[in-house]
Amino acid sequence: MKTANEYTFTNLKAGAGLDAALKAGRTGVISELREAGLRGRGGAGFPTATKWNLAAAASGEDKYVVCNADEGEPGTFKDREILTLRPDLVFEGMTVAAYACGASRGVLYLRGEYAFMRPALEAELEKRRSSGLLGADIKGVKGFDFDIRIMLGSGAYVCGEETALLESIEGRRGEPRNRPPFPVSSGLDGAPTVVNNVETLVLACAALANGAAWFKGMGTEKSPGPKLFSVSGDVKRPGVYEFPFGVTIKEVLKAAGGEGARAAIVGGASGYCAPAPEFGRRICYEDIPTGGSFLALGPERSIPAAAENLLEFFAEESCGQCVPCRLGCAALLKGLRSGAPLAELVALGESMQVSAKCGLGQSAPNVFLSMARHFRKEFDRRKN
Amino acid sequence: MKTPAHSPDAAAVARRHGNDRAALIPALQELSAKGGLTGPVLAEVAQALGVPEAEVYGTATFYAFLGAGKKARCVVRLCGTLSCELAGKKAVAAALERALGIKFGQTDKKGDFALEWTSCLGMCDKGPALLANGELYQSLTPKKVPAVIAACRRALAAGRKK
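Here the protein sequences come in this chain order: A and B. FYI, the numbering for the first sequence is 771 to 1154, going by the working numbering. FYI, the numbering for the second sequence is 169 to 330, going by the working numbering.
Shown next, in the form of structure tokens:
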């Protein structure tokens, strides 16, 4: 376990990832990341090398690299930690992605809640421009032109969904697009666009600087490498923790001082609620996947009350574009409050999972459904 | 000094951010902080950027931090999501209502303060947390609330002098 200020990336040498990338060449970067098995850290876990390769192969002159710094999943704050401690590595990761894909324009989409970080990030960008790490002919490589601007969000969870995020950068309501086409072929302003999470970009630098073998030496077969966890709720030491993928729920609770928990919500409001008997389960793509949110519920906590809070969140954050999510989130919340039969609410949740348009609507009922399965009696008692 | 109902140069603000749709949200963010996105402001922005007025309205009202209409000089947004709930947001909310004399969802008579709930602020390890005009306050307790409001009042007074 690693805690504050001693994450894998904390002591990574500035520029080491970019230097390794320039040495490896464009295709070398992608093959190294493929070998490392790096998967996106935002939650979906898409292989980074595949994404970059698709963008590199897409036709188009003005490609984009977009950093998704819109972490809005309840209980997630690990990107805040990275952006505070090592913003240089985030921009370096974007620059490496631009080099690999042939992109010339970059946008960091910073959630509106983090507006207070913007001055420091702008200063970092300015520093990079004046030292030749952004702009024309970066590091003296002819034709390697790339710059980054910051776009500030305005309070919309759904904009963490990559196509909603692109809509927002374009000046529109953050309503997810139909996919395909995927952003790698048609993204921002219709140009091929790579959208990566903050942590993913930093780990790309780390994997290139230290090598694929180093990276694969941590984690599990299908989930290689380290992962940051934002731990909150009923624990003695909330904060950001780093573990290799494959860590058990019990180990995370122990590190943060939450051994007495009766349940842990892994992956945030759209994740999974594990009851105490499942604390031996592993957090990785083979078992319980996560974008990093980890929320402990202590022995005195009411499970239906937690479900209600998270459904309030979704009822507020649904973009309203598709019916299953717009009406479904509100109906689940209302049903939970009014004591509607649990079986009916479960059926509604399950139909949302298969009928909503985007990841938000499809995953909105997840935590509620796992709570209903593991804590049925508590829900049945709620009207008495 | 009287402040005008809305910024008289909404069009100029919009154009400073660009001349196309991509300038819309940054322009709305700035104007929202300068008194709010009233009908005349939205209309001026629409004309300046060549975006249909209905779409400007639709975009403004989509985002929780924007929204149409006049805005309080200081919007206090308390995180309502689960980690802050577990950390004691309800007691902090009650203290805020007492300190400001308004309920959540309301604006005070002078137009100085509005109280709103907001979704997860990403301060889950330091909750309960709130944003007041973008300024972050964390690890709140009911006892700390009067000092937070006093700090907001000082910031408002300093803003008026400018």
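Where a beta carbon is used, it is the ideal one built from N, C-alpha and C, also for glycine. Every value quoted in this text rests on a predicted model; they were computed, and no experiment measured them.
Cα-Cα separation between residue i and residue j, rounded to whole angstroms
{"i": "P946(A)", "j": "E303(B)", "result": "30 angstroms"}
{"i": "A1134(A)", "j": "S900(A)", "result": "44 angstroms"}
{"i": "V877(A)", "j": "P1094(A)", "result": "32 angstroms"}
{"i": "E265(B)", "j": "A211(B)", "result": "34 angstroms"}
{"i": "A827(A)", "j": "I908(A)", "result": "22 angstroms"}
{"i": "G203(B)", "j": "A190(B)", "result": "22 angstroms"}
{"i": "E1056(A)", "j": "K992(A)", "result": "7 angstroms"}
{"i": "A263(B)", "j": "K311(B)", "result": "8 angstroms"}
{"i": "A300(B)", "j": "K238(B)", "result": "17 angstroms"}
{"i": "A870(A)", "j": "R1107(A)", "result": "51 angstroms"}
{"i": "R1151(A)", "j": "R1143(A)", "result": "14 angstroms"}
{"i": "L1103(A)", "j": "V244(B)", "result": "25 angstroms"}
{"i": "G1003(A)", "j": "G186(B)", "result": "43 angstroms"}
{"i": "A862(A)", "j": "S955(A)", "result": "According to the sequence provided, residue 862(A) is Glu. The question's Ala does not apply to it. If you take the alpha carbons of E862(A) and S955(A), they lie about 23 angstroms apart."}
{"i": "A1033(A)", "j": "K1147(A)", "result": "15 angstroms"}
{"i": "N1154(A)", "j": "L978(A)", "result": "Caution is warranted here: a pLDDT of 44 is assigned to N1154(A), below 50, making its placement in the model unreliable, and the coordinate value is therefore given only provisionally. Distance between the alpha carbons of N1154(A) and L978(A): 58 angstroms."}
{"i": "A180(B)", "j": "G226(B)", "result": "21 angstroms"}
{"i": "F1084(A)", "j": "T249(B)", "result": "10 angstroms"}
{"i": "F847(A)", "j": "G905(A)", "result": "30 angstroms"}
{"i": "E284(B)", "j": "L803(A)", "result": "44 angstroms"}
{"i": "A1100(A)", "j": "M1122(A)", "result": "12 angstroms"}
{"i": "E1078(A)", "j": "V213(B)", "result": "39 angstroms"}
{"i": "E851(A)", "j": "P1008(A)", "result": "13 angstroms"}
{"i": "S801(A)", "j": "T778(A)", "result": "22 angstroms"}
{"i": "S874(A)", "j": "L903(A)", "result": "13 angstroms"}
Residue i burial status per 10 Å Cβ neighbour count (16 or more: buried)
{"i": "P1047(A)", "result": "exposed"}
{"i": "G743(A)", "result": "No answer is possible for residue 743(A): it lies beyond the span of chain A, which begins at 771 and ends at 1154."}
{"i": "N948(A)", "result": "exposed"}
{"i": "L935(A)", "result": "buried"}
{"i": "A790(A)", "result": "buried"}
{"i": "T854(A)", "result": "exposed"}
{"i": "E1114(A)", "result": "exposed"}
{"i": "R919(A)", "result": "exposed"}
{"i": "D849(A)", "result": "buried"}
{"i": "N781(A)", "result": "exposed"}
{"i": "V209(B)", "result": "buried"}
{"i": "F230(B)", "result": "buried"}
{"i": "T275(B)", "result": "buried"}
{"i": "K833(A)", "result": "buried"}
{"i": "S829(A)", "result": "exposed"}
{"i": "S1072(A)", "result": "exposed"}
{"i": "K1127(A)", "result": "buried"}
{"i": "R811(A)", "result": "buried"}
{"i": "P994(A)", "result": "buried"}
{"i": "E937(A)", "result": "buried"}
{"i": "E831(A)", "result": "exposed"}
{"i": "G944(A)", "result": "buried"}
Closest Cα partner of residue i within the set the options
{"i": "C288(B)", "options": "R1071(A), G842(A), A906(A) and F861(A)", "result": "G842(A)"}
{"i": "K294(B)", "options": "G1050(A), C1089(A), G1016(A) and V1010(A)", "result": "V1010(A)"}
{"i": "G762(A)", "options": "V954(A), I1053(A), E892(A) and P951(A)", "result": "With chain A covering only 771 through 1154, there is no way to say anything about residue 762(A)."}
{"i": "K783(A)", "options": "D858(A), L880(A) and A825(A)", "result": "D858(A)"}
{"i": "T865(A)", "options": "G787(A), E805(A) and G930(A)", "result": "G787(A)"}
{"i": "K278(B)", "options": "R322(B), L268(B) and L196(B)", "result": "L268(B)"}
{"i": "W822(A)", "options": "V835(A), V1116(A), A814(A) and G813(A)", "result": "V835(A)"}
{"i": "F886(A)", "options": "G902(A), S924(A) and L903(A)", "result": "S924(A)"}
{"i": "A236(B)", "options": "C242(B), A222(B), V313(B) and L246(B)", "result": "A222(B)"}
{"i": "G1068(A)", "options": "C1092(A), I1035(A), E1078(A) and A1100(A)", "result": "I1035(A)"}
{"i": "E932(A)", "options": "N967(A), R942(A) and D915(A)", "result": "N967(A)"}
{"i": "A893(A)", "options": "V928(A), K912(A) and R856(A)", "result": "R856(A)"}
{"i": "Y884(A)", "options": "V313(B), R183(B), F233(B) and A259(B)", "result": "F233(B)"}
{"i": "I317(B)", "options": "C247(B), S307(B), C242(B) and A216(B)", "result": "C242(B)"}
{"i": "A1026(A)", "options": "P996(A), C837(A), R1051(A) and A1066(A)", "result": "A1066(A)"}
CB-CB length for residue i against residue j, believed under 8 angstroms
{"i": "L922(A)", "j": "R898(A)", "result": "That pair is no contact at about 19 angstroms."}
{"i": "L973(A)", "j": "L1080(A)", "result": "At roughly 28 angstroms, the Cβ-Cβ gap does not stay under 8 angstroms, so L973(A) and L1080(A) are not in contact."}
{"i": "G1062(A)", "j": "L998(A)", "result": "5 angstroms"}
{"i": "S1088(A)", "j": "L1130(A)", "result": "7 angstroms"}
{"i": "L1156(A)", "j": "A867(A)", "result": "What the structure shows of chain A is the stretch from 771 to 1154, and residue 1156(A) is not part of that stretch, so it cannot be assessed."}
{"i": "R881(A)", "j": "A839(A)", "result": "7 angstroms"}
{"i": "I1019(A)", "j": "A1039(A)", "result": "Going by Cβ atoms, the distance from I1019(A) to A1039(A) rounds to 17 angstroms, so no, they are not a contact pair."}
{"i": "G845(A)", "j": "F1013(A)", "result": "So it is not a contact: roughly 16 angstroms between Cβ atoms."}
Notebook entry, point to check: For the segment 1103-1131 of chain A, which segments carrying the beta strand (DSSP E) assignment without a break, of at least 3 residues, lie completely within its bounds, in sequence order?
Noted result: none
Item checked: Those runs of the beta strand (DSSP E) which lie wholly inside the segment 871-910 of chain A and span at least 3 residues -> For the segment 871-910 of chain A, whole beta strand (DSSP E) runs of length 3 or above, ordered along the chain, are 873-880.
Notebook entry, point to check: What are the complete alpha helix (DSSP H) segments, minimum 4 residues, inside the segment 189-267 of chain B?
Noted result: 192-201, 207-217, 221-230 and 250-254
Next item on the list: Could you tell me which uninterrupted alpha helix (DSSP H) segments, each at least 4 residues in length, are contained entirely in the segment 922-978 of chain A, listed from first to last along the chain?
Entry: Every unbroken stretch of the alpha helix (DSSP H) spanning 4 or more residues and falling wholly within the segment 922-978 of chain A is given here in chain order: 932-939.
Next item on the list: Only counting runs of 4 or more residues, tell me where the alpha helix (DSSP H) segments fall wholly within the segment 1072-1105 of chain A, in order along the chain.
Entry: Fully enclosed alpha helix (DSSP H) runs of 4 or longer: 1073-1087.
Next item on the list: Run through the segment 977-1054 of chain A for me and flag every whole alpha helix (DSSP H) of 4 or more residues, listed as ranges in chain order.
Entry: The qualifying runs are 982-986 and 1019-1026.
Checklist line | Where the segment 286-318 of chain B meets chain C: residues whose CB sits under 8 angstroms from a CB there | finding: This model lacks chain C altogether, as its protein chains are A and B.
Note to self: Just to confirm the assignment: which complete beta strand (DSSP E) runs, minimum length 3, are found wholly within the segment 804-879 of chain A?
What the structure shows: 833-839
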